[in-house]
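For what it's worth, this note's numbering labels the leading residue of the sequence shown as 690, then goes sequentially. Report on the following structure.
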Amino acid sequence: MLKRHNKALLAGTAVLLTTLAGPALADYPEKPITIIVPWAAGGGTDATARTIAKAMEEQLGETVNVVNRTGGSGVVGHSAIARATPDGYTLGLVTGEINMMHWQGLTDLTYRDYTPIAQINYDYAGVQVAADGPFDDLKDLVKTVREQPKGTYNASGTGQGGVWHLAFAGFLMDQGMEPDRVTWIPSQGAAPAMTELAAGGIDIVPSSVPEGRSMIEAGRADSLAIMAPERLDSFPNVPTVQEAIGSDYQIGEWRGIAGPKGMDPEVVATLEDALKAAYNSDTYQGFMAKQGFGTEWRNAEDFAQLMADMDERFGKIVEQVGLAK
C-alpha cells in the first residue's frame, strides 16, 4: 500500500515538474519575431532588413515582421530596440549611427546597450560628383579643394554628423586638410543629395556607390573612388582610394542584427545560426548583389568587436570635426 502511494506521489511530482518546466524548455521561437528598423521604409536599410527577415523566416519557421520606427536621426528606433524585452522576440537592424549619436549628445545609448547577433552588411563611402562637374578624378578633386579657398565647394548625403559627413571629414583630414574645408549641406539622405548633385546645387556626395547608381547609370554622375579595400563587383570601374591617390583610408556604414542587452545566450546562438544561413541564402545574396549593396558577415563576437572599434574611431572624428558634446 505504501509502495503504491509512493509511486503515485512520484508520478504526480513528475507531471508537476514537467508542467512547470514546459514553458522554460520550449523551443525558440514559438511566435512571430519583430525587427525594428530605425530608418524610413523604402531606403537601403529598410530593404536590407526586409530581405534578411524573409530569409530568416525560411530558417526559423516563424513570421519575422519589420517595423519602421523613425525620428531623431535614428535615435527613436535605436532606443526602441534597446528598451525592448530581451526575450528574442524584438530585435533590430542596428546601424553605424550608434557609434556616432552619443558622441554628439543626441542620446546616451551606446553599442553596450545591445546584444550583438551578427553583422550582415557593410557599404563603403564613395566620392560621387556631377558628370559635367569640375573634377576629372579623385587626384584632381583633392588638388582643387586644397588649392581653392575654404568653403569654395560643398558636399551632402546625410544630416550633419551622419555617417557620410563624418566619413568625408575623415577623408579630408587624411589628406591633410581641415575637416570643414568643404561645406557640409545637411540632407535627408543620399537620394535627394544625388538629385541635387545632378542639378548642380551640390559638388560632392560621399555616399555609398550603390546609392548613386541611378544617376551614375543615367550618365549624370560619376563615382571617382571608393573608400574600400578593393573594388566593388557591381562597380568594377570605380577605383579604390588606394588606387586613385595612394591612401589607405577606408570607412563606411555597417548594418547588423542585434537585440536589447541581456538576451539569453542560447537564444542568441539560435538566432546567429539562423542569420548565418539566411545571410548565405540565394534570397539575401541575390538581392544584395542586384542592388550593389555590400555583404559582410561577422558573428556575434566579431560584431561586438567591430562596434567597439568603430565607436572609438568615429568618436575621434566627431571630436576633430567639432561636433562632440
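The beta carbon of each residue, even a glycine, is placed where N, CA and C say it ideally should be.
Here DSSP, grouped into helix, strand and coil, assigns D863 to helix. Minimum Cα-Cα distance from P918 among the listed residues R1002, G889, Q939 corresponds to Q939.
Per the coordinates, the alpha-carbon of M977 lies some 12 Å from the alpha-carbon of L921. The beta carbon of A858 lies closer than 8 Å to those of P868, D869, W873, I1006, Q1009, V1010 in the same chain, with the five residues before and after it left out. The Cβ atoms of G983 and D812 lie closer than 7 Å to each other. If you look at G890, you'll find it isn't in any beta strand (DSSP E); DSSP assigns it neither H nor E. Within the DSSP secondary-structure output, L782 pairs in a beta bridge with I946. Looking at G732, G731, A744, the one whose alpha-carbon comes closest to that of Y973 is A744. 7 Å or more divides the Cβ of N788 from the Cβ of F992. Taking a C-beta distance under 7 Å as the contact criterion, L913 and V852 do not qualify as a contact pair. A residue is called buried once 16 or more other Cβ atoms fall within 10 Å of its Cβ, and E1001, having fewer, is exposed. Of all C-beta pairs linking the stretch 783-802 to the stretch 931-947, three or more are shorter than 8 Å, placing the two stretches in contact. Measuring C-alpha to C-alpha distances from N969 to each of K832, A807, I934 identifies A807 as the nearest.
The beta carbon of K839 sits closer than 8 Å to the beta carbons of E867, D869, R870 from its chain, once the five residues preceding and following it are set aside; these are given in chain order.
The three-state secondary structure of P805, taken from DSSP, is strand. The stretch 902-942 is shown to contain whole alpha helix (DSSP H) runs of 4 or more residues at 902-906, 930-934, in chain order.
Looking at T804, P899, L827, I891, the one whose alpha-carbon comes closest to that of L960 is T804. Secondary structure at R772: coil, using DSSP grouped into helix, strand and coil. Between L861 and A933, the gap from beta carbon to beta carbon reaches 7 Å or more. In the DSSP assignment, A819 falls within the unbroken beta strand (DSSP E) covering 815-819. Just so you know, the alpha carbons of T737 and A967 end up roughly 12 Å apart. Here Y800 carries a helix assignment [DSSP, helix/strand/coil]. Rounded to whole angstroms, the separation of the alpha carbons of V818 and V756 is 34 Å.
By the neighbour-count criterion, in which a residue is buried when 16 or more other Cβ atoms sit within 10 angstroms of its Cβ, E990 is exposed. Straight across, the Cα-Cα distance linking A997 with D802 is about 12 Å. Looking at the DSSP output, R987 shares a beta bridge with Q808.
Residue range 753-757 is occupied by the beta strand (DSSP E) that includes V756, with no alpha helix (DSSP H) assigned at that position. Residue burial is scored here from C-beta neighbours: P949 has at least 16 other C-beta atoms within 10 angstroms and is therefore classed as buried.
Residue burial is scored here from C-beta neighbours: E900 has at least 16 other C-beta atoms within 10 angstroms and is therefore classed as buried.
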